[in-house]
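Peer 1: Pasting in a structure now, in structure tokens, and then I'll have a few things to ask.
Residue numbers (my numbering): 498 to 1120.
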């Protein structure tokens, strides 16, 4: 974990070193272990160092290789060093940094180098001989990368605030399309930020820039036709376990204490028990960090967390979240995030990372996003119906409903009939008074018309999800969602503010490809989802974790505490705040608010949250 910055004067003018120092100073929190800049002619790089791996202790960035004429700055952890070393003709030892592996990979493979790298990375290389700047971001978007590009200048950084130090060059304005995407929401865009001229480099993309031109392209995407066929079911589970263990093992490379997020669900629990197995030879307890709720029991997972802790070998830490407002420490949160967030429980996550920092944690490993990786059975029943496998369909619904007639009918209604005849679903929602996201209830109707948002929603959200009409296509849809990238960015900024590097074994490229490619029945059968991990880690997981079907979430805490602690602010937002009136439906918003107050549940609370966080951010920004 570290921070990177950079400038490329495409007009050829020499840079003043103070410019890159100014950018670097904006993200000093990302690197308490050292700060360095490199500047030559029209190009400058900056770096803030956070030591987490043994190799990082000997790493200096930016780094210039005089022999090749390449200069690199990187926020990176490369996991396939052992495989790369012989190909690149270099040694794999602690004196050879991950960034040197990146530089040598570019020297050998050019713009194809990201295809050869495994791990989490965001890097930029200046090729003096070709006068070309090359930038790349890892496959899943774990490491953030933002940039501004014009004919005169290119700016990049790990955080938007670095780029904002060049405000006079940027002609900054609020990106109203991004505001609209936030409110609707549209969650499939990977590039936009709330600043009209500042963009994200999407996951698995590279950007090549010269004085005259630029080129953005994808170097990897999950192959939708990918299939894996083994001789037996047991072979799939063994292979999953092998890949899962490797995905964790390569993320345990650290010189500082490692923390583990433990929520009580099967995903984080699987990461913890496998990590404990790997580290057992060191005879040390691993440290887990959990949110618990002593009063709001609908969100409390203490019982299941305790099942993992009681197995031994764990030193647990708990943070009680019952009395934490969703807007607690909001000024600090928005400073580090730079943008409004879609995550309503951000204050809980922020507090948990602060707890980790106090315990000396430098690396945190969690189970995001097992929901998408391990597949929960979406569209499987509908697929069985369309393929006339009705006996299997009956058996699956029976297993899921546990023999209850009403549940059996509801499952068939929601997962088969409404998908077969969507208009029935719309009539049912209308009858129940339930709205859909595409009804655009909280957004200004003039904005809907001016930005042609219904067309955007159809193309970017409704159309792709509707086209995912088989179990495999739906799994692909969830694995490739842009929300992973946004969540990684949010977690990265919370972590970096506390000198921590987050690592995500569930999003290892090798594991993602395998879990997607195996047959559906290996992932979901007889009403049970996540079968790869349930069977693959059967000897490690406590029975009550291995075979639990659901999981409590923090939404009950959010719904209760937003109103409990922030009623005064919400009243002002709904009835007085003028900043958001251009973007929200001023007639509909008070009605949404009253429904939220009366029911304290459902989509209305999320609508209020989205408007509120936008309003707070607008009050605190200079746009």
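Glycine is no exception: its CB is placed at the ideal position from the N, C-alpha and C atoms.
Here's the rule: buried if 16 or more other CB atoms are within 10 angstroms of the residue's CB, otherwise exposed. What is residue 781?
Peer 2: In the chain shown, residue 781 corresponds to position 284, counting from 1. Exposed.
Peer 1: Using a 10 Å radius around the Cβ and a threshold of 16 neighbouring Cβ atoms, would you call residue 1116 buried or exposed?
Peer 2: Within the chain shown, the letter at position 619 stands for residue 1116. By the neighbour-count rule (16 or more Cβ atoms within 10 Å), residue 1116 is not buried but exposed.
Peer 1: So residue 751 and residue 593 are supposed to be a Cβ contact under 8 Å. How far apart are they, rounded?
Peer 2: Locating residue 751 in the chain shown gives position 254, where the first residue counts as 1. Locating residue 593 in the chain shown gives position 96, where the first residue counts as 1. About 17 Å; that fails the 8 Å criterion.
Peer 1: Residues in its own chain within less than 7 Å of residue 677 by CB, not counting five upstream and five downstream?
Peer 2: The count along the chain shown starts at 1 and reaches residue 677 at position 180. So the list reads 940, 944, 948, 950, once near-sequence residues are dropped.
Peer 1: Is it true that the segment 834 to 848 meets the segment 725 to 744, where meeting means three or more beta-carbon pairs spaced less than 8 Å apart?
Peer 2: Segments in contact, no.
Peer 1: In chain order, what residues of the same chain lie with their CB nearer than 8 Å to the CB of residue 1112, ignoring the 5 residues before and after it?
Peer 2: As a first step, residue 1112 is located in the chain shown; it is residue number 615 there, counting from the start. Within the same chain, residue 1112 has close Cβ partners 1070, 1074, 1076, 1077.
Peer 1: Run through DSSP, which three-state label would residue 1043 get?
Peer 2: The sequence position of residue 1043 within the chain shown is 546, counting from 1. DSSP places residue 1043 in helix when its eight states are reduced to three.
Peer 1: Over what stretch of residues does the alpha helix (DSSP H) that includes residue 799 continue unbroken?
Peer 2: Position 302 of the chain shown, counted from the start, is the residue given in the question as residue 799. It spans 799 to 806 - the alpha helix (DSSP H) in which residue 799 sits, taken as one unbroken run.
Peer 1: Return the first residue and the last residue of the beta strand (DSSP E) that residue 697 is part of.
Peer 2: Taking the chain shown and counting its residues from 1, one reaches residue 697 at position 200. From DSSP, the beta strand (DSSP E) with residue 697 extends over 695 to 697.
Peer 1: Is it buried or exposed, residue 723, if we count other Cβ atoms within 10 angstroms and call 16 or more buried?
Peer 2: For the purposes of this step, residue 723 is taken as residue 226 along the chain shown, with counting starting at 1. Its Cβ having fewer than 16 others within 10 Å, residue 723 is exposed.
Peer 1: Give the DSSP bridge partners of residue 788, in chain order.
Peer 2: Within the chain shown, numbered from 1, the residue matching residue 788 stands at position 291. According to DSSP, residue 788 bridges with 816.
Peer 1: State the Cα-Cα distance for the pair residue 682 and residue 831, rounded to the nearest angstrom.
Peer 2: Counting from one through the chain shown, the residue named residue 682 turns up at place 185. Counting from one through the chain shown, the residue named residue 831 turns up at place 334. Taking the straight line from one Cα to the other gives about 20 Å.
Peer 1: Express the C-alpha separation of residue 773 and residue 515 in angstroms, rounding to a whole number.
Peer 2: For this step, residue 515 is matched to residue 18 along the chain shown. For this step, residue 773 is matched to residue 276 along the chain shown. In a straight line, the C-alpha of residue 515 is about 47 Å away from that of residue 773.
Peer 1: Can you tell me whether residue 499 is helix, strand or coil according to DSSP?
Peer 2: As a first step, residue 499 must be located in the chain shown, where it is residue number 2. In this structure, residue 499 counts as strand in the three-state DSSP scheme.
Peer 1: What does residue 545 pair with, by DSSP beta-bridge criteria?
Peer 2: In the chain shown, the residue the question calls residue 545 occupies position 48. Residue 545 is bridged to 500, 532.
Peer 1: In or out: residue 809 buried (at least 16 other Cβ within 10 Å) or exposed?
Peer 2: For the purposes of this step, residue 809 is taken as residue 312 along the chain shown, with counting starting at 1. Exposed, since its Cβ has fewer than 16 Cβ neighbours within 10 Å.
Peer 1: Run through the segment 675 to 753 for me and flag every whole alpha helix (DSSP H) of 4 or more residues, listed as ranges in chain order.
Peer 2: You should have 730 to 746.
Peer 1: Which one or two residues does DSSP pair with residue 850 in a beta bridge?
Peer 2: Here residue 850 refers to the residue found at position 353 when the chain shown is read from its first residue. Paired residue(s): none; residue 850 is not in a bridge.
Peer 1: I'd like the list of long-range same chain contacts for residue 799, defined as Cβ closer than 7 Å, with 5 residues on each side in sequence excluded.
Peer 2: Indexing the chain shown from 1 puts residue 799 at position 302. Result list for residue 799: 789, in chain order.
Peer 1: Which first and last residues belong to the alpha helix (DSSP H) in which residue 562 is found?
Peer 2: Within the chain shown, residue 562 is the residue found at index 65, counting from 1. Per DSSP, residue 562 belongs to no alpha helix (DSSP H); it is in the beta strand (DSSP E), 560 to 562.
Peer 1: What do you reckon, are the CB atoms on residue 622 and residue 652 nearer than 8 Å?
Peer 2: For this step, residue 622 is matched to residue 125 along the chain shown. For this step, residue 652 is matched to residue 155 along the chain shown. Contact flag unset, no.
Peer 1: Rounded to whole angstroms, what's the CA-CA distance from residue 785 to residue 858? Just pull it up for me.
Peer 2: The count along the chain shown starts at 1 and reaches residue 785 at position 288. The count along the chain shown starts at 1 and reaches residue 858 at position 361. Distance between the alpha carbons of residue 785 and residue 858: 10 Å.
Peer 1: Can you check which of these residues, 606, 642, 577, is closest to residue 614 by C-alpha distance?
Peer 2: Position 117 of the chain shown holds residue 614. For the residues 606, 642, 577, the minimum Cα distance to residue 614 belongs to 577.
Peer 1: Put residue 1077 into one of helix, strand or coil per three-state DSSP.
Peer 2: Working through the chain shown from its first residue, we reach residue 1077 at position 580. If DSSP states are grouped into helix, strand and coil, residue 1077 belongs with coil.
Peer 1: Give me the DSSP bridge partner(s) of residue 616.
Peer 2: Taking the first residue of the chain shown as position 1, residue 616 is located at position 119. Its beta-bridge partners are 575.
Peer 1: On the CB-based measure, 16 or more other CB atoms within 10 Å of its CB, does residue 931 come out buried or exposed?
Peer 2: Translated into positions along the chain shown, residue 931 becomes position 434. Here residue 931 scores only 47 on pLDDT, less than 50, and its place in the model is too uncertain to base an answer on.
Peer 1: Ordered along the chain, which non-local residues of its own chain (more than five positions away) have a Cβ less than 6 Å from that of residue 618?
Peer 2: Your numbering for residue 618 matches position 121 in the chain shown. Only 573, 635, 640 meet the Cβ criterion.
Peer 1: Report yes if the C-beta distance between residue 845 and residue 1051 is below 8 Å; otherwise report no.
Peer 2: Your numbering for residue 845 matches position 348 in the chain shown. Your numbering for residue 1051 matches position 554 in the chain shown. Going by C-beta atoms, residue 845 is nearer than 8 Å to residue 1051.
Peer 1: When you compare each of 974, 710, 716, 665 to residue 703 by their alpha carbons, which one comes out closest?
Peer 2: Along the chain shown, read from residue 1 onward, the residue named residue 703 stands at position 206. Ranking the options by Cα distance to residue 703, first place goes to 716.
Peer 1: If I measure Cβ to Cβ from residue 548 and keep anything under 6 Å in the same chain, skipping five residues before and after, which residues do I get?
Peer 2: As a working mapping, residue 548 is identified with position 51 in the chain shown. Closer than 6 Å at Cβ, skipping near neighbours: 530, 554.
Peer 1: Would you identify the three-state DSSP class for residue 1109, choosing helix, strand or coil?
Peer 2: One-based indexing of the chain shown puts residue 1109 at position 612. In the structure shown, residue 1109 sits in a helix (DSSP, three-state: H, G or I).
Peer 1: Following the continuous beta strand (DSSP E) through residue 759, name the residue where it begins and the one where it ends.
Peer 2: For the purposes of this step, residue 759 is identified with residue 262 of the chain shown, where counting begins at 1. It is not in any beta strand (DSSP E) - residue 759 carries neither H nor E in the DSSP assignment.
Peer 1: Cα-Cα, which of 540, 1105, 1029, 904 is closest to residue 625?
Peer 2: Indexing the chain shown from 1 puts residue 625 at position 128. Here the closest residue by C-alpha is 540.
Peer 1: Determine the closest residue to residue 1030 out of 1024, 1023, 1012, 1047, with distance taken between C-alpha atoms.
Peer 2: Within the chain shown, the letter at position 533 stands for residue 1030. Residue 1012 is the option with its Cα nearest to residue 1030.
Peer 1: Between which two residues does the alpha helix (DSSP H) containing residue 894 stretch?
Peer 2: Position 397 of the chain shown, counted from the first residue, corresponds to residue 894. Where residue 894 is concerned, the enclosing alpha helix (DSSP H) stretches over 887 to 898.
Peer 1: Taking the C-alpha atoms as reference points, what is the distance between residue 778 and residue 1037?
Peer 2: Mapped onto the chain shown, residue 778 falls at position 281. Mapped onto the chain shown, residue 1037 falls at position 540. Each residue's alpha carbon lies about 16 Å from the other.
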